[in-house]
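Chains as they are written, first to last, in the working numbering: chain A, -3 to 292; chain B, 396 to 1058; chain C, 4 to 202; chain D, 64 to 238. Backbone N, C-alpha and C fix where the C-beta goes; we use that ideal spot for every residue, glycine too. First comes the structure, then the notes that go with it.
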Amino acid sequence: MNYSYFPGCSLKGLGRAYEESLIPVMRHLGVEMTELPDWNCCGATAYMSVDERQASILAARNLAIAEKAGGQDLLTPCSACYLVLNKTKHYLRETPAMRAEVQQALSRAHLDYSGNTKVRHPLDVLVNDVGLDAIREKVVRPLTGLKVAPYYGCQLVRPYSTFDDAWNPTSMDRLMTTLGAEVVHYPLKTKCCGASLTGTVPEAGLRLTYILLLEAVRRKADVISTVCPLCQFNLDAYHGQIERRWGKVRVATVYFTQLMGLAFGMSPRELGLNRNFIPMAPLPPLHAQPSESSTP
Amino acid sequence: MNGTNHNGIRIGYYICHCGHNIAGVIDCGEVARRIGVLPGVVVSRDYKYMCSEPGQELLRQDIRAHDLNRIVVASCSPLLHEHTFRTAVEDAGLNPYHFQMVNIREHASWVHTDHAAATEKAVDLSRAAVMRVRHHRALTTTRVPINPAVLVVGGGIAGIHAALTLANAGKQVFLVEREPSIGGHMAKFDKTFPTLDCAACILTPKMSSVRAHKGITLWTYSEVAKVEGYVGNYTVTVRRRPRYVNEALCIGCQECISACVYREPKFPDEFNVGLGKRKPVYIPFPQAVPQVVVIDPDRCLELKTGRCKKTCVDACADRNAIDFTQKESLEQIQVGNIIVATGFRLFDAKRIPQYGYGMYPNVVTSLELERLVTSSGPTGGEIRLRDGSAPRSVGFILCVGSRDLKTNRWCSRTCCMHSMKLAQLVREHTGADVTVFYLDIRAPGKGCEEFYDRSLKEGIQFVRGRVAEVTDWALAPEEEGKLVIRVEDTLAGFVRRIPVDMIVLAVGMEPQSDAQSVRRLFNMSCGTEGWFLEKHPKLAPVSTFTDGVFIAGCCQGPKDIPDSIAQAGAAAAEAMALIDRGYIEQEPNTAHVLDDCCGCKSCIPLCPYTAISFDAGSQKAVINEALCKGCGTCAGSCPSGSITQNLFDDDEVFSEIEGLLHA
Amino acid sequence: MKITRTIKYESDRVKGFCDEIMRIPGCDQLQACIQCGTCSGICPLSIYMDYTPRRVIALVRSDFKNEVLRSHTVWLCASCYACTVECPRQIRITDIMYGLKQRAIKEGIYPRNFPIPVLAKEFSKMVLRKGRITETLLVMRLFLKANWRAVLGSWRLGFGLMRTGRFVLRSERIERQSELRSMLTGKNGGNGGIPKEKS
Amino acid sequence: MPSEIITPPASWSPRIVAFFCNWCTYTAADLAGVSRMKYAPGVRVIRLMCSGRLDPQFVFDALRQGADGVLIGGCHPGDCHYSEGNYRMLRRFRLLRRLLADLGYEDARVRLEWISAAEGDRVRVVVNEMTEQLRALGPLDLPGRISEWNRELAGNAPGAPSSAAASPVPEVSHA
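Structure, rendered in structure tokens:
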């Protein structure tokens, strides 16, 4: 399985632990990822607020480079990038005038956009292309007893994504069960984490993050599993500020790929787990695991 | 073609303004002027309303004064007024088929904004009709006798009322119902709005009249399997499912039910929408008609395993009504008209997961609450939460599944009133705080606004806003252990969280899941939403495009009980109008074989009505006019052009094409 | 208590504003709104907004341009798309919010002393210069520009990021930056196209 | 006869002759009207009881008389008011399509659509789509071409111009 890989700016910065865990996990499953040459910022939500045309060109440039690179599906781990790239595809298909404008801009760099590249999220690829059976085979250290709150956030499932339900997505739930973890009922799984408002308008943004943490604690989750660098940052790095405002809501938030890596027997450090503000409680030593752990 | 002799052809052309409908876009005077100069056109006029009595009179006078023998009227769709004008032409002494209609309203003025182009189109269409009408021949209709029996499909309130109306007029009626009892949705209701009179008191006497009426043959637990023939002469095959109880012998004593080897009712009871339990042998509800038990083959031990003690048979004793050997049977009946009253189904609330139906036990549908509030229901009329306690606060969410492009875009019309009725009953029974979350209160019926007024005075809270979600996570102390509704109070202008004990979802109506196959069975059309399509929303609201097939009740669209009954009466009257005339007049658009038929027989297998046969004597095909329904398929495919179709003759169509294109 | 006048006169409307917004791709369904409030009810941030999303739609439809563009509402939208997915009329409310944000920036009448539009503009400037975003640098710029006191307030966060190796100071940039800039601005090289602020 | 050949291509709009069956597509066109949907005015509808009545000669004749395209509308398969008239027409249409292709006509000139009585909007979409496609193809102008060929034949030119070889003259032999 070969994919183009669009890391996005966050995975090179605040979300580097996501990339650090994604790459070994994918390699372990035999998935080839080739980083898109000279990719640029997807435009994200902020750019959309300023200039729609320029934002579309930014996204389209990446899609055009992916086409030029061979047209494999473009793997996009960041939810914001995933949404922006899919949304741009959608609008360029729907609005011929905008498409013509974008096409003209791309032609300045001898690039061409056909709209055929599929933008995929690693969760989609892992569950639907690699398959849960293949993943189960690689589990050497089942996460038995670990209570996971699966948190999908907003932009992965809404509104351009089609691989899971917008209201009650289940792919990560199934993935976590495959790893041997116990999935807690987490009704806030698609609620917004506050996005960049945690930094800009903390009184609003942090409260959203707080509600997510509070519910995870109430449901007795050991760890929240995320798919998005911004969600992870908000739920992890703002813990101190949140607890100072509203009291203790201690629960670690990690990338779903980090949990996969742990189940595959990789070390926490290798997976970037040391980059968390709120550390995840170490898994019990392997020999304490029940013996059926090796059966698929 | 232009060689046609115009001598003797005197055409009158009339273009209708239809008030502003046509004249607002099309320059009618200009069209009349340009058509007036065509060869053969003697009179060309524009007039405000051609279909009005003065308009028709204008036609009749001109026919007499100018000795016209062909008439063209350009106005609305022929499906609307062709018959009107043919009758007017006939009144003036012309053959009604020496008339041609041009549709410049639905096909031009209403669909185009460019006045010049629409006028040009009206001229082209009119020229085509003028050229075509020259070729029209005098035709006569044939009369076919009508079978006076009527089939009514569906035994809800609409079907019951239609059947009784017809039977009371002395007609023979077959009433076919899929469920083991008639009664439909109405039988499940406690009280009816806006009068709050008891539903059973209205319905059950009608149900027993059906059973008692000599003119009605009632077949429950049966479905129509096949419909053949045409108006006046339908042959209908009905599939009768086995009840495993002989209807003629069962007296409804229900001893078999008490005697069943299942001591306690164990299986979800359909009538109580799963809130109650029944045994494998059961009677759907106490007032069921017919009062005949039914045995559920999926639950009955004997039918499943063949190894039951059959205590029911012993209980039935010498009446011997129970018959485990019953098989499905097919019965054939002959009827002249069919009334389809197959009703609706309720929207599945699980399709809107954010309201938590199926996830939170105290989220119920309006029909479930209806069963809880009924004294004959599973709780004896006590409104109870799943834990057995009485709710102290109840929220009603309206428009569930309705007015939503993702589910059903229509308004279901009854849910506002239905919810207000239930809200009043909840207050009456429990004294709970009731909040109704609505988008717009639609209470336009007679006495309905007054009912809304009364609901307000009863202390029911109304919050205008579509509920965004129902959750069980508390953010404030008063929310602990409750269901929390999050909604924008759009009148107050802010978001509210409202904790309640019970939530009632006012689920909308949608077409039955098998509406498409039923539609095909009776050769009807469905609208975009899937409701059966009436022939015309105003002029023919209970007719369909198939003559002799009528629709009544909610299968045509959501409506309340008074409207369903009114429609049922209208459908019965339409059927009676046909029956009492005694014959059907057939459109003379039948096909005929010309002398130059070479006898290749290629047309014979094409006819869907097997109206074409081969005459060995003359070595030509022959069309049986009584069987021909006038589709023209044979005429369209005859390799030697030796079949013509009346009203759609080659000459007529070719002149129409020429007229359309040649300025 | 301060008494304010809330009546609106016809002269307060900017005729044609709604039509203008409806021409933006994705905003064309605006007129189908039935004012049900699902958007506001599902919006996690509507509780902080001066006008709820439903009211923003109503204001746009009635051409109350200044009220809309000066409101905090559009800037508080976190783009979670819940409203877009839930809207029973399939109105793309999030995209309408974007359309309004662009309009506000273009006209320079967004709320002052409010960090979100500043973030959006700093973000786009950084992309135009470097092609990529270095979050820590962006946040520092933002704090310096909008609210320098916050930099002191969040020292713990910054320290934590450094401790966990997530505080990146090396600026990310793409190789063919001038090519990207010429695509975006339609000009070869230069610094054109960076939106200018009206005063 | 067309005294003026419409020259400015911007204002030229194609003429479509449409054959609609009485029960489905004609009713759908009525519904489009009742719903006040707007579509291109170049289409002219001829009502047939069933699409099964459509004689292929009607199509040839419409093109010969100057139509730029022909649209045929019938009930969806399985929904024919006469059970199977639309299937019969479909069989004929397949043949007709091949014949037209052999004669050099573009596929977009003759189109078959199943449109039920409820699909008023489909009428609008199909007419507009077809109008755009025909606009892109340009005028067919068979009457003009036929008279040109007739002139050439009368002039008895031995080396016929290439346009004649590429352009078809359908044999129409009705009436």
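- Judged by DSSP in its simplified three-state form, I792 of chain B adopts strand.
- S938 of chain B sits in a strand when the DSSP states are folded into three classes.
- For a Cβ distance threshold of 8 Å, residue set P91, R92, Q93 of chain C lies close to L800 of chain B, ordered along the chain.
- Assignment of Q729 of chain B by DSSP, reduced to helix, strand and coil, places it in the strand class.
- Look at the segment 149 to 171 of chain A: the residues with a C-beta under 7 Å from a C-beta of chain B are W163, N164.
- A check of alpha carbon separations from T560 of chain B across B:F680, B:A965, B:L591 identifies B:A965 as the nearest.
- G148 of chain D carries a helical assignment under DSSP once its states are collapsed to helix, strand and coil.
- Taking all protein chains in view, the Cβ of M165 of chain C is surrounded by fewer than 16 other Cβ atoms within 10 Å, so the residue is classified as exposed.
- Remark: C-beta atoms of G579 of chain B and G772 of chain B do not approach each other more closely than 8 Å.
- In chain order, Q105, I108, A123, K124, S127, P198 make up the part of chain C whose C-beta sits under 7 Å from the C-beta of V46 of chain A.
- The Cβ-Cβ distance between G1027 of chain B and A986 of chain B falls below 8 Å.
- Taking 8 Å as the threshold, the shortest C-beta distance from T76 of chain C to chain A does not fall below it.
- Only residues of its own chain outside the window of five on either side were considered, and among them Y752, G753 have a CB closer than 7 Å to the CB of K745 of chain B, listed in chain order.
- Its chain contains I678, V688 as the residues whose beta carbon lies nearer than 8 Å to that of Q649 of chain B, once the 5 sequence neighbours on both sides are disregarded; these appear in chain order.
- Between H461 of chain B and the set B:Y408, B:N416, B:R500, B:I499, the nearest pair of CA atoms involves B:Y408.
- In the pairwise beta carbon analysis, the segment -2 to 8 of chain A is classified as not touching the segment 259 to 271 of chain A: fewer than three pairs are separated by under 8 Å.
- Around the C-beta of G141 of chain D, fewer than 16 other C-beta atoms lie within 10 Å, and the residue is accordingly described as exposed.
- The C-beta of T137 of chain C comes closer than 8 Å to at least one C-beta of chain A.
- With a 10 Å radius around the Cβ and a threshold of 16 neighbouring Cβ atoms, R203 of chain A comes out buried.
- Unbroken beta strand (DSSP E) runs of no fewer than 3 residues, entirely contained in the segment 848 to 873 of chain B, are found at 856 to 859, 864 to 866, following chain order.
- The Cβ neighbour count for G102 of chain C, taken over all protein chains shown within 10 Å, is at least 16; the residue is labelled buried.
- In this structure, the beta-carbon distance from L122 of chain C to S192 of chain A falls below 8 Å.
- Around the C-beta of S174 of chain C, fewer than 16 other C-beta atoms lie within 10 Å, and the residue is accordingly described as exposed.
- For N116 of chain C, the closest C-alpha among the options C:L33, C:L145, C:L62, C:S43 is that of C:L145.
- Chain B has a Cβ within less than 8 Å of the Cβ of P183 of chain A.
- Between L255 of chain A and V126 of chain A, the C-beta spacing is not below 8 Å.
- Think of a sphere of 9 Å around the beta carbon of E211 of chain A: the chain B residues whose beta carbon falls inside it are W868, in chain order.
- Taking a cut-off of 8 Å for Cβ pairs, the segment 1032 to 1039 of chain B and the segment 161 to 171 of chain D do not touch, as fewer than three such pairs fall below it.
- Put simply, the CB of Y54 of chain C is far from chain A, with every gap to its CB atoms at 8 Å or more.
- For V142 of chain C, the C-beta contacts it makes with chain A under 7 Å involve G195, in order along the chain.
- At the C-beta level, G731 of chain B and Y629 of chain B come within 8 Å of one another.
- Assignment of P198 of chain A by DSSP, reduced to helix, strand and coil, places it in the helix class.
- Looking at the backbone, the Cα of P434 of chain B and that of R440 of chain B are separated by about 16 Å.
- Look at the beta carbons and you see the segment 220 to 227 of chain A touching the segment 68 to 88 of chain A: at least three pairs across the two are nearer than 8 Å.
- L71 of chain A places its beta carbon less than 8 Å from that of P118 of chain A.
- Cβ-Cβ separation between V568 of chain B and V547 of chain B: approximately 6 Å, consistent with a contact (criterion under 8 Å).
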